[in-house]
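Chains B and Z, in that order, give the protein sequences.
Here our numbering is used: the first residue of the first sequence is 197, the next is one more, and so on.
Here our numbering is used: the first residue of the second sequence is 197, the next is one more, and so on.
2 protein chains.
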Amino acid sequence: MQAIPEAQLLRLEDTREKVNMALEALIQREIDKGSGEVAKLSGEILLSGGKRLRPLLGIFCYEASGGQDIDEIMDLAIAFELIHTATLIHDDINDAAKLRRGIMTLHERIGQPKAIIAGDWLFVQGYGLSGRYTKECIDLIREACANIAVSEFKQLDHVLDLSTSPEDYLQIVRGKTAGPFSAVCESAAIIAGATPEQSKALGRFGMELGIAFQLMDDLLDLRGDERMGKLRGKDIIEGKMTLPLIHALTLLHGKRRQRLSEILNNFSDNLWDELMTLLDTSDSIHYSECLMHTHLERAIQELDSLPETNSKRLLLNIVEKMQTREN
Amino acid sequence: MQAIPEAQLLRLEDTREKVNMALEALIQREIDKGSGEVAKLSGEILLSGGKRLRPLLGIFCYEASGGQDIDEIMDLAIAFELIHTATLIHDDINDAAKLRRGIMTLHERIGQPKAIIAGDWLFVQGYGLSGRYTKECIDLIREACANIAVSEFKQLDHVLDLSTSPEDYLQIVRGKTAGPFSAVCESAAIIAGATPEQSKALGRFGMELGIAFQLMDDLLDLRGDERMGKLRGKDIIEGKMTLPLIHALTLLHGKRRQRLSEILNNFSDNLWDELMTLLDTSDSIHYSECLMHTHLERAIQELDSLPETNSKRLLLNIVEKMQTREN
Numbered sequence: 197m198q199a200i201p202e203a204q205l206l207r208l209e210d211t212r213e214k215v216n217m218a219l220e221a222l223i224q225r226e227i228d229k230g231s232g233e234v235a236k237l238s239g240e241i242l243l244s245g246g247k248r249l250r251p252l253l254g255i256f257c258y259e260a261s262g263g264q265d266i267d268e269i270m271d272l273a274i275a276f277e278l279i280h281t282a283t284l285i286h287d288d289i290n291d292a293a294k295l296r297r298g299i300m301t302l303h304e305r306i307g308q309p310k311a312i313i314a315g316d317w318l319f320v321q322g323y324g325l326s327g328r329y330t331k332e333c334i335d336l337i338r339e340a341c342a343n344i345a346v347s348e349f350k351q352l353d354h355v356l357d358l359s360t361s362p363e364d365y366l367q368i369v370r371g372k373t374a375g376p377f378s379a380v381c382e383s384a385a386i387i388a389g390a391t392p393e394q395s396k397a398l399g400r401f402g403m404e405l406g407i408a409f410q411l412m413d414d415l416l417d418l419r420g421d422e423r424m425g426k427l428r429g430k431d432i433i434e435g436k437m438t439l440p441l442i443h444a445l446t447l448l449h450g451k452r453r454q455r456l457s458e459i460l461n462n463f464s465d466n467l468w469d470e471l472m473t474l475l476d477t478s479d480s481i482h483y484s485e486c487l488m489h490t491h492l493e494r495a496i497q498e499l500d501s502l503p504e505t506n507s508k509r510l511l512l513n514i515v516e517k518m519q520t521r522e523n
Numbered sequence: 197m198q199a200i201p202e203a204q205l206l207r208l209e210d211t212r213e214k215v216n217m218a219l220e221a222l223i224q225r226e227i228d229k230g231s232g233e234v235a236k237l238s239g240e241i242l243l244s245g246g247k248r249l250r251p252l253l254g255i256f257c258y259e260a261s262g263g264q265d266i267d268e269i270m271d272l273a274i275a276f277e278l279i280h281t282a283t284l285i286h287d288d289i290n291d292a293a294k295l296r297r298g299i300m301t302l303h304e305r306i307g308q309p310k311a312i313i314a315g316d317w318l319f320v321q322g323y324g325l326s327g328r329y330t331k332e333c334i335d336l337i338r339e340a341c342a343n344i345a346v347s348e349f350k351q352l353d354h355v356l357d358l359s360t361s362p363e364d365y366l367q368i369v370r371g372k373t374a375g376p377f378s379a380v381c382e383s384a385a386i387i388a389g390a391t392p393e394q395s396k397a398l399g400r401f402g403m404e405l406g407i408a409f410q411l412m413d414d415l416l417d418l419r420g421d422e423r424m425g426k427l428r429g430k431d432i433i434e435g436k437m438t439l440p441l442i443h444a445l446t447l448l449h450g451k452r453r454q455r456l457s458e459i460l461n462n463f464s465d466n467l468w469d470e471l472m473t474l475l476d477t478s479d480s481i482h483y484s485e486c487l488m489h490t491h492l493e494r495a496i497q498e499l500d501s502l503p504e505t506n507s508k509r510l511l512l513n514i515v516e517k518m519q520t521r522e523n
């Protein structure tokens with residue numbers, strides 16, 4: 197991949213800033229309208245950080261497909277951020293998580309009842325923004341949102357299920373993480389007036405990128421990532437079957453598999469070294485990294501038919517940074 | 197009000213049946229598409245009963261405004277039932293309710309994490325159905341849904357707040373209950389091609405009816421209502437400030453007010469007689485009944501400009517039955 201000129205990186209930061217401003221404006225408008233505390237508290241979570249990856253993908257896919265007016269795509273772009281934040285709030289309740297992006301989770305601060313409602317409110321705001329687009333786009337968003345719920349159900353069923361297969365895993369990831377990536381990319385292309393083939397290619401781009409994103413997320417859970425404010429081993433403690441664990445459980449046998457099961461069922465910090473040694477034996481970290489690269493390569497291929505534009509280069513830049521999770 | 201001929205009552209039952217069939221078809225379609233357990237469990241709650249009041253209002257407002265094709269309005273009609281059921285599931289979690297419509301609540305059966313997600317899923321399905329309509333309708337639905345959240349926040353803030361005013365109360369009721377009634381009526385009229393004046397009149401009709409509905413709900417909480425599978429005094433136990441209580445707290449003073457506060461703060465079944473005597477002293481039940489009738493009369497007035505059709509008579513019939521909550 198080519199290095200990206202400084203001017204284009206500035207354009208990325210500039211676009212992120214526009215997204216943040218649009219989100220702030222929405223919250224302020226709602227507060228002004230008298231929505232009060234629910235808008236204020238939801239806004240605090242929404243505006244407390246986040247890479248705005250979904251909105252950026254939407255905007256750059258729109259522009260790479262020939263879209264000219266950022267105002268035309270901004271509502272769709274931020275809709276996905278609002279819906280994403282809504283699911284984070286509900287997930288945090290269900291995971292009984294204490295921290296998110298390094299700050300106290302909403303339900304810890306204001307109690308569960310209000311946190312559930314705040315999630316619902318953000319969801320409504322996000323979904324409502326989709327109303328200005330065509331039925332085709334709204335259906336894509338609905339499909340993606342419904343699949344988040346379907347996949348989260350499946351994920352709950354697989355908590356501490358040591359027989360979870362890589363196929364189960366990918367089905368969950370496609371619904372929970374990659375589906376919304378795909379929906380924002382495909383609907384942005386449709387709004388820009390792309391051909392059906394081109395829109396579908398960008399939908400697949402989003403799906404591949406989203407799978408890679410989740411694979412990286414799984415790896416970061418094992419490595420720890422202070423920057424993201426995410427506790428190391430959060431997934432393990434919650435019994436989430438991430439790909440490195442599934443892979444190791446598939447390959448290891450006898451006493452080693454037995455020991456890995458015990459570790460996963462009763463994890464504590466003093467077991468880190470032993471866990472990582474077992475994952476090393478089965479080469480599971482490496483396997484996940486390779487698979488991530490496969491999906492990133494596939495994502496890049498889906499961009500092949502796009503003309504060479506600055507926005508395409510920014511999409512490629514997002515793919516590239518995914519490998520280090522700098523996005 | 198005139199008695200309604202038998203044939204028209206059959207039409208009401210027939211329409212309710214069509215609504216039920218549309219809801220069943222949606223759930224079945226989702227199960228067939230592979231949505232699995234979340235569709236199955238959400239469907240069970242959705243199809244476990246309910247008067248389908250919101251869909252019926254939508255359909256009859258559409259027809260009374262000149263709409264001819266029930267298929268054109270059915271998605272909107274059932275969207276409101278799906279959204280309503282989603283809020284019931286989240287409310288039940290927040291209220292730690294054990295029973296709904298006489299059966300075990302979803303979170304009691306399948307645990308809170310899945311119940312939160314099931315609510316989200318139903319919400320997505322409902323909201324998604326609105327996608328075939330115009331932006332104007334989608335905005336009305338968004339506004340109504342956002343206001344549910346805003347009002348529920350306010351309601352939580354007023355739990356056991358004995359200084360809650362009738363104005364606070366009405367603001368909560370307008371957002372939480374009456375707003376969705378108003379939105380379904382107004383958007384149905386718009387879809388039927390009604391004039392803006394006529395659509396707004398039906399929106400006001402829904403608002404007035406919704407306020408009356410909540411006032412009746414408050415009264416039923418004090419009277420108990422076996423048919424609805426609702427426990428007598430559920431609101432009191434949850435600290436919800438219903439209008440009869442607010443009215444009594446406003447009028448009573450000295451020792452009586454003090455005693456009422458004590459009862460509300462530590463309610464138990466052996467205090468029923470004493471509570472009802474206090475409410476009787478301030479004539480608070482009667483006051484709520486009178487106010488309910490005022491709002492029902494206002495609802496009827498909003499229908500004045502509609503031509504005399506069967507659907508208008510069915511709307512009037514719904515208003516009439518509201519007084520006995522037979523709907």
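Beta carbons are placed, not taken as given, at the ideal position from N, Cα and C, and that holds for glycine.
A quick note: this is a predicted structure, and the numbers were derived from the prediction, not measured.
So with CB distances below 8 Å, who are the chain Z contacts of residue i?
i      : result
A342/B : E226, S231, W317, V320, Q321, G324
D210/B : Those within 8 Å of D210/B in chain Z number zero; the least Cβ separation is about 29 Å.
D335/B : G324, G327
Interface residues of chain B around residue i at Cβ under 7 Å?
i      : result
A273/Z : Within 7 Å Cβ-Cβ: nothing; A273/Z doesn't reach chain B, min ~17 Å.
L352/Z : P309, K310
E434/Z : Going along chain B, no residue has its Cβ under 7 Å from E434/Z, so there is no contact; the nearest lies around 11 Å.
R328/Z : K331
A345/Z : V234, I313, D316, W317, V320
Is residue i helix, strand or coil when you go by DSSP?
i      : result
L398/Z : helix
E504/Z : coil
G262/B : coil
K214/Z : helix
V380/B : helix
K247/Z : coil
F463/Z : coil
L447/B : helix
Y323/Z : helix
A388/Z : coil
K350/B : helix
K331/B : helix
M197/Z : Bear in mind that the predicted position of M197/Z carries a pLDDT of just 49, short of 50, making it unreliable; the figure below should be weighed with that in mind. It is coil, neither helix nor strand.
D316/B : helix
E137/Z : Past the edges of chain Z, shown from 197 to 523, lies residue 137/Z, and the structure says nothing about it.
T473/B : helix
D479/Z : coil
Per DSSP, what are the beta-bridge partners of residue i in this structure?
i      : result
R296/B : I299/B
Flag this pair as yes or no: are the beta carbons of residue i and residue j separated by less than 8 Å?
i      : j      : result
I386/B : G263/B : no
L418/B : P440/B : yes
C381/B : I279/B : no
I255/B : A275/B : no
L336/B : E498/B : no
I355/Z : G435/Z : Here residue 355/Z is Val; the residue named in the question, Ile, does not match the sequence. It is a contact, given that the beta carbons lie within the stated cut-off.
R225/B : D271/B : no
G184/Z : I344/Z : One cannot answer for residue 184/Z here, as it falls past the ends of chain Z, which runs 197 to 523.
G223/Z : L302/Z : Gly is not the amino acid found at residue 223/Z; the sequence shown has Ile there. Result no, Cβ atoms of I223/Z and L302/Z do not sit closer than 8 Å.
R338/B : G324/Z : yes
E259/Z : S501/Z : no
D414/Z : T446/Z : no
Taking Cβ-Cβ distances shorter than 7 Å, what residues in chain Z pair up with residue i?
i      : result
E348/B : I313
Mind pulling the chain B residues with CB within less than 8 Å of residue i?
i      : result
R428/Z : Within 8 Å Cβ-Cβ: nothing; R428/Z doesn't reach chain B, min ~23 Å.
Would you mind telling me which residues of chain Z sit closer than 9 Å to residue i, beta carbon to beta carbon, in chain order?
i      : result
R338/B : V320, Q321, Y323, G324, L325, G327
Discussion item. So if I threshold CB-CB distances at 9 Å, which residues from the segment 397-415 of chain Z count as touching chain B?
Written reply: none
Worksheet item: Listed in chain order, which residues of the segment 370-398 of chain Z have Cβ atoms closer than 7 Å to some Cβ of chain B?
Response: none
Discussion item. Taking beta-carbon pairs under 7 Å, can you tell me which members of the segment 263-290 of chain Z lie near chain B?
Written reply: H286, I289, N290
Fill in: Residues of the segment 291-304 of chain B with Cβ closer than 9 Å to any Cβ of chain Z, in chain order
D291
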